[in-house]
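Here the sequence shown stands for residues 1 to 306, where the numbers follow UniProt numbering. Using N, Cα and C, we set each Cβ at its ideal position, and we do this for glycine too. Everything below concerns the one structure shown next.
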Amino acid sequence: MLRVGLKGSKTMHMLKIALLQMAPCKTQEENLEKGIEYCKNARQRGADIALFPEMWSNGYQIYERPVDAWKEEAISADSDFVRTFESLAEELHMAIGVTFLEKYEKAPRNSLILFDRFGERQFIYAKVHTCDFGVECHLTPGEDFYVTTLNTACGDVKVGAMICYDREFPESARILMLKGAELILVPNACPMEINRLSQLRTRAYENMTAVATCNYPESVPDCNGGSSIFDGVAYLPQSDSSRDTCILQAGGQEGIYMAELDLNRLRSYRENEVHGNAYRQPEKYGLLTETKIDEPFIRKDYRAHG
């Protein structure tokens with residue numbers, strides 16, 4: 001494949017992203033205090049954005065428990081837990097993507113709220129692809145994917161989100177790219193083994209979009225750390241071969257894992273390369289929006305979310 005050159009050099013914009021790979025505590029109050037502590041530490045290390053693992057308010061503790069028990073732990077988007085991080089984002093002058101089991105109409109949602117560095121709520125995203133083959137069948141799925149223009153110390157960046165199982169559907173990242181996302185935030189709670197990491201690498205590569213995923217550490221059951229950031233830039237003008245788009249790969253231990261995303265390089269790459277929306281033929285993809293499901297993919301526990 002012919003590699004096209006990137007445009008001339010510009011002022012460097014390095015966006016510092018902190019992945020808070022934490023183990024949850026026993027209570028929501030303890031999770032709140034730990035989350036505050038980690039956010040403050042991330043800011044001290046220069047973070048522009050701090051991201052939590054999936055459903056931090058209760059540590060994604062919904063398995064092997066009665067449904068009524070964890071449903072009672074759902075909190076509203078205007079709860080003290082969430083509002084604390086709203087205030088903290090303004091205090092620290094740092095964007096915060098905090099996750100929680102959201103109280104919502106008939107059944108809770110698995111949600112992420114993104115606050116900018118001024119404490120302004122940018123969006124509430126609820127997991128669209130709930131794991132309906134498990135206990136998440138008791139959750140309300142989200143209705144859409146959102147992208148916002150996030151004001152940071154190094155300029156505006158277009159940020160979207162998906163959560164865990166959303167990663168396994170190319171459509172999730174694709175629609176975020178089509179809505180303009182340069183960076184996709186991905187809270188997570190599952191083992192990040194080679195195939196799931198490959199999914200993230202592919203989502204970044206095919207959309208020329210950075211993907212930042214925050215997981216729980218290996219001390220948490222059914223998790224193994226492995227939080228990661230893929231910058232989406234597979235080719236550099238000075239090289240004839242491709243590069244690994246992974247700029248951060250955490251180990252299994254609890255901690256704050258940080259990387260710098262070169263926004264100028266990503267933007268120049270997106271302006272010149274052949275992926276993303278550059279050469280798509282959407283008029284030929286009609287089957288992708290068909291709702292009919294045929295064998296061998298019919299499942300009795302499938303829920304239509306339309």
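Figure out for me which residue from the options has the closest Cα to the Cα of residue i.
i, options, result
"arginine 280", "Leu178, Ala50 and Leu200", "Leu178"
"phenylalanine 85", "Tyr285, Thr149 and Phe118", "Phe118"
"leucine 197", "Ala69, Ser111 and Asp244", "Asp244"
"glutamine 21", "Asn224, Phe230, Ser268 and Ile247", "Asn224"
"proline 237", "Tyr269, Lys292 and Gly286", "Tyr269"
"lysine 158", "Gln122, Arg201, Met258 and Met192", "Gln122"
"cysteine 190", "Asn207, Ser227 and Glu206", "Ser227"
"isoleucine 229", "Asp240, Ala259, Pro24 and Gly255", "Ala259"
"aspartate 262", "Thr202, Gly232 and Asn195", "Gly232"
"glutamine 65", "His138, Tyr205, Phe52 and Lys103", "Going by the sequence as given, residue 65 is arginine instead of glutamine. Measuring from the Cα of arginine 65, the nearest candidate turns out to be His138."
"arginine 109", "Arg83, Asn151 and Ile62", "Ile62"
"aspartate 78", "Glu102, Thr291 and Gln199", "Glu102"
"proline 187", "Gly306, Ala212 and Thr291", "Ala212"
"leucine 92", "Tyr38, Ala107, Arg201 and Ile194", "Tyr38"
"alanine 278", "Asn207, Leu176, Phe52 and Glu90", "Asn207"
What separation, rounded to the nearest whole angstrom, lies between the Cα atoms of residue i and residue j?
i, j, result
"cysteine 131", "alanine 95", "28 Å"
"glutamate 143", "lysine 127", "8 Å"
"glycine 59", "cysteine 164", "14 Å"
"leucine 288", "alanine 234", "27 Å"
"glycine 160", "phenylalanine 297", "29 Å"
"glutamate 54", "valine 274", "33 Å"
"lysine 16", "alanine 50", "9 Å"
"aspartate 301", "lysine 71", "20 Å"
"lysine 26", "lysine 40", "21 Å"
"glutamate 120", "glycine 46", "20 Å"
"glycine 134", "glutamate 73", "19 Å"
"cysteine 246", "glutamate 136", "30 Å"
"arginine 203", "leucine 185", "12 Å"
"proline 221", "glutamine 249", "20 Å"
"tyrosine 205", "threonine 152", "24 Å"
"leucine 150", "threonine 291", "34 Å"
Sorted by chain position, which residues of the same chain lie with C-beta nearer than 7 Å to residue i's C-beta, five sequence neighbours on each side aside?
i, result
"phenylalanine 81", "Gln28, Leu32, Ser57, Ile75 and Phe100"
Can you list, in chain order, the residues of its chain whose CB lies under 6 Å from that of residue i, leaving out five sequence neighbours each side?
i, result
"glutamate 218", "Asn224, Gly225 and Gly252"
"tyrosine 125", "Leu112, Tyr146 and Ala161"
"histidine 129", "Tyr165, Asp166 and Phe169"
"arginine 303", "Asp132"
Thinking residue i and residue j are a contact (beta carbons under 8 Å), I'd like their distance in whole angstroms, please.
i, j, result
"cysteine 154", "methionine 14", "6 Å"
"leucine 266", "glutamate 182", "6 Å"
"alanine 173", "threonine 209", "7 Å"
"glycine 180", "valine 98", "Not a contact, Cβ separation roughly 23 Å."
Please determine whether the Cβ atom of residue i lies at a distance below 7 Å from any heavy atom of the ligand PLP.
i, result
"isoleucine 113", "The ligand PLP is absent from the structure shown, which contains no ligands of any kind."
Can you find a C-beta in chain B that's less than 8 Å from the C-beta of residue i?
i, result
"glutamate 254", "Protein chain content of the structure displayed is limited to a single chain, and chain B is not contained in it."
Quick one: residues in its chain with C-beta nearer than 8 Å to the C-beta of residue i, no 5 flanking neighbours on either side, listed in chain order?
i, result
"alanine 42", "Ala18, Leu20, Ala50, Met94, Ile256 and Met258"
Q. What are the start and end residues of each continuous alpha helix (DSSP H) run of 4 or more residues lying completely inside the stretch 58–103, in chain order?
A. 67–71 and 80–92
| task | Ignoring anything shorter than 3 residues or poking outside the stretch 112–181, list the beta strand (DSSP E) runs there in chain order. | result | 121–126, 147–152 and 155–161
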